[in-house]
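Enquirer:
Protein chains in written order, with the working numbering: chain A, 4 to 114; chain B, 2 to 112.
1. Mind checking residue 17 (chain B): buried by the 16 CB within 10 Å criterion, or exposed?
2. I need the straight-line Cα distance from residue 69 (chain A) to residue 93 (chain A), nearest angstrom please.
3. Please determine if the stretch 70–77 of chain B and the stretch 38–45 of chain B are in contact, where contact requires at least 3 C-beta pairs separated by less than 8 Å.
4. Could you list which residues in chain A have their beta carbon closer than 8 Å to that of residue 49 (chain B), in chain order?
5. Any idea which residues DSSP pairs residue 112 (chain A) with across the strands?
6. What does the Cβ neighbour count give for residue 54 (chain A), buried or exposed, with the cut at 16 atoms within 10 Å?
7. I'd like to check one pair, residue 91 (chain A) with residue 66 (chain A): are the Cβ atoms closer than 8 Å?
8. From B:6, B:2 and B:21, pick the residue whose C-alpha is nearest to that of residue 108 (chain B); which is it?
9. Among A:97, A:85 and A:40, whose alpha-carbon lies nearest the alpha-carbon of residue 21 (chain A)?
10. Assuming the contact rule is C-beta atoms closer than 8 Å, residue 23 (chain A) and residue 78 (chain A) should be a hit. Round their C-beta distance to whole Å, please.
11. If you run the structure through DSSP and keep just helix, strand and coil, what is residue 69 (chain A)?
12. Going along chain A in order, which residues have a C-beta closer than 7 Å to the C-beta of residue 34 (chain B)?
13. What does DSSP give as the partner residues of residue 20 (chain B) in its beta bridges?
14. Over what stretch of residues does the beta strand (DSSP E) that includes residue 99 (chain A) continue unbroken?
15. So which residues on chain B does residue 108 (chain A) lean against when the C-beta distance must stay under 7 Å?
16. Is the separation between the beta-carbon of residue 32 (chain B) and that of residue 4 (chain B) shorter than 8 Å?
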């Protein structure tokens, strides 16, 4: 148990579906992140929220839409995804410069 | 630009010592992190170096040379459970949010 919980752990969706990934952190951290991890590629930062304010958006396509209702919860809303979006999506949290703590991830397959 | 290099794969024998190297070229430097990631699980924090030298933590040690843009993770008395991917990451600025991750090194420990 890392203190960062992600649901669901696995998700299969068609290109026309709408789904949401959920992340919850129990560590009292002030920053939360979404990363994408594809096979044989480095972790890619997608979004950063600091004190519920989005501070980073690394040119992520609009079919990915983040939501951070409070400092403990983070969502990633998905719609009209492409097969190349299939990957492991990792949520993380941190406090200032301290190490990031990751959730177990959601393995997403887009058919 | 930001770039981090690691060997893709390494193999070692149970009980042995292995050194995983990491070289980086980043716009700034505010700390280097090592993570361990078992297949299908979250990355977990191993070590943090911000000053030159060796940081020891049990069977794991991490070394940093800022002038050379170089770090290594040293694993002693290898165990089968150490088979995992090891990720090197650099924080290039004071915000601590803009980590750059390397591609990871997949370590296989053989009996």
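The C-beta atom is built at its ideal place from N, Cα and C for all residues, glycine as well.
Expert: Reading off the structure:
1. As a position in the second chain, residue 17 (chain B) is number 16, starting the count at 1. The residue is exposed, with fewer than 16 neighbouring Cβ atoms inside 10 Å.
2. Within the first chain, numbered from 1, the residue matching residue 69 (chain A) stands at position 66. Within the first chain, numbered from 1, the residue matching residue 93 (chain A) stands at position 90. Roughly 13 Å separates the two Cα atoms.
3. Using a C-beta cut-off of 8 Å, the stretch 70–77 of chain B makes no contact with the stretch 38–45 of chain B, since fewer than three inter-stretch Cβ pairs fall below that distance.
4. Taking the second chain and counting its residues from 1, the one referred to as residue 49 (chain B) is at position 48. 102, listed in chain order.
5. Here residue 112 (chain A) corresponds to residue number 109 of the first chain, with the count starting at 1. Bridge partners of residue 112 (chain A): A:15.
6. The sequence position of residue 54 (chain A) within the first chain is 51, counting from 1. It is exposed - the Cβ of residue 54 (chain A) has fewer than 16 other Cβ atoms within 10 Å.
7. Within the first chain, residue 66 (chain A) is the residue found at index 63, counting from 1. Within the first chain, residue 91 (chain A) is the residue found at index 88, counting from 1. A distance of 8 Å or more separates the beta carbons of residue 66 (chain A) and residue 91 (chain A).
8. By 1-based counting over the second chain, the position of residue 108 (chain B) is 107. Of the candidates B:6, B:2 and B:21, the one whose C-alpha sits nearest the C-alpha of residue 108 (chain B) is B:21.
9. Counted from its first residue, the first chain places residue 21 (chain A) at position 18. Minimum Cα-Cα distance from residue 21 (chain A) among the listed residues A:97, A:85 and A:40 corresponds to A:85.
10. Translated into the one-based positions of the first chain, residue 23 (chain A) becomes position 20. Translated into the one-based positions of the first chain, residue 78 (chain A) becomes position 75. About 5 Å; that satisfies the 8 Å criterion.
11. Walking along the first chain from the start, residue 69 (chain A) turns up at place 66. Here residue 69 (chain A) sits in strand by DSSP.
12. By 1-based counting over the second chain, the position of residue 34 (chain B) is 33. From the beta-carbon of residue 34 (chain B), the residues of chain A found nearer than 7 Å are 102.
13. Reading the second chain from its first residue, position 19 is the one you call residue 20 (chain B). Residue pairing by DSSP puts residue 20 (chain B) in a beta bridge opposite B:75.
14. As a first step, residue 99 (chain A) is located in the first chain; it is residue number 96 there, counting from the start. Following the DSSP letters along the chain, one finds residue 99 (chain A) in no beta strand (DSSP E), marked with neither H nor E.
15. Locating residue 108 (chain A) in the first chain gives position 105, counting from the first residue. Simply 43.
16. Start at 1 with the first residue of the second chain, and residue 32 (chain B) comes out as number 31. Start at 1 with the first residue of the second chain, and residue 4 (chain B) comes out as number 3. For residue 32 (chain B) and residue 4 (chain B), no; Cβs fall outside 8 Å.
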